[in-house]
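Using the working numbering, the letters of the sequence shown map in sequence onto residues -11 to 730. To start, the structure under review is shown below, and the notes come after it.
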Amino acid sequence: MLKQVLIGVMCGTAVLTMGILLGHYGIQKGSTAPSWVNEVAQDVDENLIEKFLAEVDNIQIQESLRTLTEMPHMATTAGDEKTVLYMLQRWQDPDTGLDQAWREEYMVYLSFPDPSKPNKVTVVNPSNIVLHMAREKEKTYPPGQEDPTVVQPYAAYSPAGHCKGKLVYANQGKPDDYQLLNQTLDLRGTIAITHYGGAGRADKAINAAPYGVIGVLVYTDPLDINDGLMSDINETYPHSWYLPPSSVERGSFNTHYGDMLTPYLAAKEATYRIPVENITGIPLIPTQPIGFEDAYVLICKLGGKAAPPSWQGAFNCTYNFGGPGFQPTSGFKNSDVKLDVDNRRELKNSSNVMGVIRGGVEPDRYVIYGNHRDSWVHGAIDPSSGTSVMLEITRVLGRMVRQGKWRPRRSIVFASWGAEEFGLIGSAEYTEQYYAKLSERTVAYINVDISVFANATLRASAMPSAQSVIFKAAKQVKAPGLVSTSVYDNWIRYSNRTSPAHGPIPRVGFLSGAGSDYAAFVHYLGITSMDISYTYDRTKTKARIYPAYHTAYDTFDYASKYIDPGFISHQAVARTAGNVLIRLADSLVLPFNCSDYAESLEDYLSTALVHFQDKLMAENITMEPLKEAVAKFRSAATHLDQVIQNSDLANEIPLKVRRINNQLMFLDRAFLDPLAFPDKYAYRHVIWASSDARLPTFPGLADAVTDAMSSGKTGSWRKVHHHLSILSQAIEGAAHTLTDVI
């Protein structure tokens, strides 16, 4: 027994001695530990952010924009190729370039007018004599619009066709607009004129076809874009930012995003393509946009009953439904509108330009920053304002990397997407090609498309978990022209809400539609995303967007005179978005807040209970599972927030930090369900999908209830119950990803 005790004491002494020695030499070694030990635990460097903010230069942005807008650069044209080479030149610059830059090629299905047979809209009398012809090209106001490659206004993906019929006025071309019009007139064989807003471009024609309408015209009403102003003598561009009378908004008339012939597949040359006749989501009847100077001539001569007050616009005449056709007392008596569309569709090679700064600690984690490159004409605001901002961010960060002053913790991928204007094609094809890698590795996606709509205030849309990092960045940037006011404080003055947790905060929108290249990242991949820009004071104008949008007047001259003189709002966006980018790339713990997500889900739930609970109870459908799921999400989010707050993560083992970051990074992936929206192409995120119900609540549930109420069919309520179950289980599943392992 004594022998065993002695042996035990000796062993204990040996272990203690060894521990002391190890501790001693370990401490000594810590002072000369390899550099990666400190790098792994390093958090974002606030001094570096201050240096970045100081180096962002408005004049550099201005000159980049000048270069980008020298010629029209519609997707796959010579001008587009020139911008591809320019992006590569900038990102491969030996002093300010990125670690690597390259181009990704896709063979995509696009639509163009035929230069040899311009599309025509005419008014013809019974003898086929032309009484009026709509302008085929916009009026030229120098400088910057004389370029012969300016494309004729057209509706991309409208089918070619030739039709003639009596004209009717269909307001915004919404389903209820055609329904009301059809109660008054026989629409078979007519041509409808509609104005932008209310319904998507393609929907204006898609909604018309079932009623027998054979063609559709689209124009921009001055009430929607110009605050009613109409004269180019002294009211509109070149005298102000307002849309001149001959101006025409071009656009892609399709409802799906991505290449049409390769759904869910990257559009490489050898990729399988569906038959052209199987394409969905595009007009079946000829469609053509026109300027409001021509719309005025047509609408003010329409006969028939007066349209409702809500259909009236800025023209100094009564907007009538149409007889169908024109007033018998007008010069267009008994005349028809003739529509000749000769668009052609073809496969074209389109390029994304990609660049990367490799991460030093977690190179397999990506923060992606993207903006599309292609425009309809010169595209100074859409999209080159965003491209010039991105180029300034890469110039400043690239120089830091080249000088050895900085390398981000995570890899930063920059993307100049191609063919966005035709349906978000470049970004969608990229996500389809690299689906697995992006799903597993992407931390966040930052989108800056139109970086400056005007120069009043910041505007941002994002997943709720990302609002806090946008707020933090905005507080560090001075508002343009306001020396003592931050972008954040200026923003909250223009648009705000009261948060139960934070009090008054700026209002951040949600990425629920497919308005820009964030769509595939949000809806298809479930990646935390945001869209950042500067915009106008909505109390001073009713314009639905900046007036020169998608027209030949979106030039450097327009941008520098009327959108952002001095380019200081561009500078503010670059500083804000770049600040967010650095924080996402460098923070030890990802700067996402799950409790903010819980707050948004609770807001959605409250709205759903107010609008739907009684209706569902009447159909013996309970909303209790949804309530319980949201409550579980709140509990799990609070728990994870506490774990982060109560941990000294800089001194934790790196695997714990990685685990928490994975929980934060994969949160939005947990809301994906590939069967949630069988009728919506590439929509899988059950929280942020598009919705026709226009309620601030769960989109699929809102649409299902609206459909059930309007159809009155028993089976439609089963669909409501089905989607409610999908939604409840997705939220509960997301909650479980925020808890501990078991």
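The beta-carbon is built from N, C-alpha and C at its ideal position, and this holds for glycine as well.
| Item | Value |
| --- | --- |
| Same chain, Cβ closer than 7 Å to Ala690, neighbours up to 5 away in sequence not counted | Ser679, Ala681, Leu683 |
| Residue of Arg563, Ser716, Ala295, Asp602 minimising C-alpha distance to Ile49 | Arg563 |
| Separation of Asn113 from Met697, as counted between CA atoms | 46 Å |
| Residue of Ser104, Ile213, Arg395, Asp370 minimising C-alpha distance to Arg526 | Ile213 |
| Residue range of the unbroken beta strand (DSSP E) whose run includes Asn337 | 332 to 345 |
| Secondary structure of Lys644, DSSP reduced to three states | helix |
| Member of Gly386, Arg383, Ala368, Ser228 whose CA lies at the smallest distance from the CA of Asp542 | Ala368 |
| Opening and closing residue of the beta strand (DSSP E) in which Pro492 lies | 491 to 494 |
| Beta-carbon proximity list for Lys293, same chain, < 8 Å, skipping 5 on both sides | Thr172, Asn308, Phe309 |
| Reference Ile675, options Met342, Ser588, Gly246, closest by Cα | Ser588 |
| Contact check, Tyr129 vs Ala670, beta carbons under 8 Å | no |
| CB contact flag (Leu41, Val109, <8 Å) | no |
| 8 Å CB neighbourhood of Tyr13 in its chain, flanking five on each side removed | Its pLDDT being 40, under 50, Tyr13 is placed unreliably by the model, and the measurement read from it follows with that caveat. Same-chain partners within the cutoff: there are none. |
| Reference Asn242, options Ala573, Gly503, Ala454, Arg383, closest by Cα | Gly503 |
| Cβ contact (3+ pairs, closer than 8 Å) linking the stretch 153 to 170 and the stretch 188 to 203 | yes |
| Contact check, Ser146 vs Gln30, beta carbons under 8 Å | no |
| Any alpha helix (DSSP H) of 4 or more consecutive residues that is wholly inside the stretch 187 to 219 | 189 to 194, 210 to 213 |
| Start-to-end residues for the beta strand (DSSP E) that takes in Trp405 | 398 to 405 |
| Start and end residues, beta strand (DSSP E) containing Ser449 | 445 to 450 |
| Exposure label - Gln633; buried when at least 16 CB within 10 Å | exposed |
| Same chain, Cβ closer than 6 Å to Leu412, five either side skipped, listed in chain order | Tyr245, Asp505, Ala507 |
| Ile515 versus Thr65 - alpha carbon distance | 32 Å |
| Simplified DSSP state of Ala148, which is helix, strand or coil | coil |
| Of the listed residues Gln464, Glu420, Lys460, Ala403, nearest to Asn435 (C-alpha basis) | Ala403 |
| Unbroken alpha helix (DSSP H) run spanning Pro351, endpoints | Counting along the chain, Pro351 falls outside any alpha helix (DSSP H), though it belongs to the beta strand (DSSP E) covering 350 to 360. |
| Nonlocal neighbours in the same chain, by C-beta distance under 6 Å from Thr178, ignoring five residues either side | Gly153, Lys154, Val156, Val201, Pro312 |
| Lys393 versus Thr57: straight-line alpha-carbon distance, rounded | 33 Å |
| Cβ-based neighbour list, Met518, same chain, cut-off 8 Å, excluding 5 preceding and 5 following | Ala432, Tyr433, Ile434, Asn435, Ala448, Ser449, Ala450, Met451, Ala454, Ile458, Leu499, Tyr506, Val568 |
| Residue burial classification, Leu733 (beta-carbon count within 10 angstroms, cutoff 16) | In the structure as shown, the chain starts at -11 and stops at 730, and residue 733 therefore has no counterpart that could be examined. |
| For Trp90, the three-state DSSP class (helix, strand or coil) | strand |
| Start and end residues, beta strand (DSSP E) containing Arg485 | 484 to 487 |
| Residues that DSSP places opposite Ser240 in a beta bridge | Ala144 |
| Chain-order list of residues whose beta-carbon lies under 6 Å from that of Gln421 (same chain, five-residue window excluded) | Ala254 |
| Beta-carbon contacts of Ile381 that lie in its chain and below 6 Å, excluding the five residues immediately before and after | Ala562, Gly566 |
| Rounded C-alpha distance that separates Asp282 from Val118 | 14 Å |
| Delimiting residues of the alpha helix (DSSP H) encompassing Asp324 | Note, Asp324: premise wrong, no alpha helix (DSSP H); beta strand (DSSP E) at 324 to 329. |
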